[in-house]
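Just so you know, we're using our numbering here: the sequence shown kicks off at 2 and counts up by one. Below is one structure, written out as structure tokens; the observations come after it.
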Amino acid sequence: MNSININQLGITGTDAAADPYHFQENLNKVTIEGNEDYRLVLFFIKKGQQMPLHDHPNMSVYFKLMFGKLKFYSFDKVEEKFKYNQFSNDEYEELIETKAQVTATKSKAKILDTKNLLLVRPSVGNMHSFVAQEDSCFFNICLPNYTTDSLRRITYFNEVADDS
2 MNSININQLG ITGTDAAADP YHFQENLNKV TIEGNEDYRL VLFFIKKGQQ MPLHDHPNMS
62 VYFKLMFGKL KFYSFDKVEE KFKYNQFSND EYEELIETKA QVTATKSKAK ILDTKNLLLV
122 RPSVGNMHSF VAQEDSCFFN ICLPNYTTDS LRRITYFNEV ADDS
């Protein structure tokens with residue numbers, strides 16, 4: 002991943018002014034290739050924008066920041082059931098409908114730059130969010146890819162404080 006450069010990926014510049022095509026939206030996703038075993042994707046995120054808190058259940062994700070700077074927040078789910086999405090599709094739908102709370106421990110925020118290569122593992126740092134400190138682009142390799150069943154379905158979360 003460290004040997005890939007932006008020109009090889011068809012990226013013409015490192016900010017919205019130099020590459021308006023890839024920065025059309027506040028958060029733009031370009032899927033390069035994928036099947037059920039893997040997914041290669043580029044994300045472009047404008048300065049000040051946030052990638053919503055989400056997870057990669059039962060997946061590993063290799064992350065390389067191509068340019069820019071991101072503030073990274075990660076969480077580790079506490080209960081085994083939620084760590085590995087050990088529930089049926091019906092249970093998953095009920096959890097979403099009832100907006101069930103998932104207990105997780107939050108790590109200290111990190112500033113990522115282009116020297117960082119990040120690995121998200123199935124139960125470590127699996128829930129995370131980014132805030133762009135500059136116009137940024139990152140490259141993800143997801144192993145395996147998401148599925149439509151509950152075991153590897155992306156879920157978006159809202160962080161709520163624990164007052165206890």
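For glycine and all other residues, C-beta sits at the position ideal for the given N, C-alpha and C.
Item to check | For Glu34, the residue or residues it bridges with in DSSP | outcome: Leu41
Tell me the rounded alpha-carbon separation between Ala105 and Ile33. 32 Å
Check your understanding: Based on Cα-Cα distance, which residue from Leu118, Asn8, Asp20 and Ser130 lies nearest to Lys72?
Key -> Ser130
Leaving aside the five residues before and after Phe83 along the sequence, list all residues of the same chain whose C-beta is less than 7 Å from its C-beta, in chain order.
Val103
_Environment of Gly126 [buried if 16+ CB atoms lie within 10 Å]_ = buried
Worksheet item: Between the region 140 to 160 and the region 38 to 51, do at least 3 Cβ pairs fall closer than 8 Å?
Response: yes
For a test of your reading of the model: does the CB of Val62 fall under 7 Å from any non-hydrogen atom of the ligand HEM? Yes or no. You won't find the ligand HEM in this model; it holds no ligand whatsoever.
Item to check | Whole-number beta carbon distance between Tyr85 and Ser151, since they are thought to touch under 8 Å | outcome: With 8 Å as the limit, Ser151 and Tyr85 do not qualify as a contact, their Cβ atoms being about 10 Å apart.
Inset, instruction - Under 7 Å Cβ to Cβ from Lys47, same chain only, skipping five residues before and after it: list those, please. - result: Ala17, Phe24, Asn27, Ala133 and Asp136
Considering just the uninterrupted stretch of the beta strand (DSSP E) at Lys111, what are its terminal residues? Lys111 to Leu113
- Rounded to whole angstroms, how far is the Cβ of His55 from the Cβ of Ile142, which I believe are closer than 8 Å? 16 Å between Cβ atoms; not a contact.
query: Within 10 angstroms of its Cβ, does Ile12 collect 16 or more other Cβ (buried), or is it exposed?
result: buried
Problem - Cβ-based neighbour list, Phe44, same chain, cut-off 6 Å, excluding 5 preceding and 5 following - result: Lys30 and Phe139
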